[in-house]
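Contents: one structure, followed by commentary.
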Amino acid sequence: LFINRLATVAQQVGAEYDLYPSVIIAQAALESDWGNSRLGRAPFHNLFGVKGYFAGQTTSQVTGEYQDGRHLMIVDNFRRYQNDYEALQDYAQTLQAPLYRGVHRQNAPTYRQATHALQGRYATDPQYEQKLNQLIEGYQLTRYDHQPRQSESGHQSPVKVKVTESQVPKSMRPKPAHRKAGHHHFPTIISIAGGAGSAGLIELGRRIFFK
């Protein structure tokens, strides 16, 4: 299952970058349609629909975008990762930008404050914060926010909680904020970066703060 797939790596990345694992998992689920988007699956592992290149790797995909109020179908390059850890680490490095200061645990005492800090910055969907909170609460993702315990060998031992999607009623399963390349459903929100949803925003953040 998707949550179990990401739980350990989300805790690892969360500890490394001072982020809530619950928010990482919820965003990945929302952005990749529970890992079912073409980009979210192997061999791409692009769980956040980030455009561009990663370590020289990319994949060209057909995607829908809004430009000047018009919906267009274009071919664009999306980052390609070797595994989920690379995808989550790249995402976490993007959140190091000052724009996302409020997402970090040292500045956000609760996960709700972290999701609030993402609203209007990471995605333009007016319900983005609400959708993330519903996922976190519905699937009890805060259980993964406990700091990983140290094992006798000195390695971090993540908190493991078995939670399945089937345990939550369908009415509590928010639909993704938008669809990524490879889907027949196209984004319904307009990115301030000119791209589709948060994929454009995250790339804009990189251009401003990391180039």
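All residue numbers for the sequence shown refer to the working numbering, where the first residue is 5 and numbers rise by one.
Don't be surprised by glycine CBs; every beta carbon is placed ideally from N, CA and C.
Q: For Ser64, count neighbouring Cβ atoms within 10 angstroms of its own Cβ and tell me buried if that reaches 16, exposed if not.
A: Per the 10 Å Cβ criterion, exposed.
**Q.** Simplified DSSP assignment, three categories, for Ser261
**A.** The structure shown does not extend to residue 261, since the chain is modelled only from 5 through 215, so no value can be given for it.
Q. Nearest-angstrom Cα distance between Ala14 and Tyr148?
A. Ala14 and Tyr148 have their alpha carbons spaced roughly 8 Å apart.
(Q) Whole angstroms are fine: how far does the CA of Gly39 sit from the CA of Arg45? (A) Taking the straight line joining both Cα atoms gives about 6 Å.
Q. In three-state terms, what does DSSP make of Asn8?
A. Here Asn8 carries a helix assignment [DSSP, helix/strand/coil].
Q | C-beta atoms of Asp22 and Gln110 nearer than 7 Å | A | Cβ atoms of Asp22 and Gln110: closer than 7 Å.
**Q.** Status (buried if at least 16 other CB within 10 Å, exposed otherwise) for Arg84
**A.** For Arg84, the number of other beta carbons within 10 angstroms of its own is at least 16, and it is reported as buried.
Q: Return the first residue and the last residue of the beta strand (DSSP E) that Asp80 is part of.
A: Segment Arg74 to Arg83, the beta strand (DSSP E) holding Asp80.
**Q.** Alpha-carbon to alpha-carbon, Thr114 and Gly106
**A.** Their backbone Cα atoms lie some 11 Å apart in a straight line.
**Q.** Backbone CA spacing between Asn137 and Arg74 [nearest angstrom]
**A.** Each residue's Cα considered, the two are about 31 Å apart.
Q.
Can you give me the C-alpha to C-alpha distance between Asp37 and Ala127, rounded to a whole angstrom?
A. Between the alpha carbons of Asp37 and Ala127 lies a gap of roughly 15 Å.
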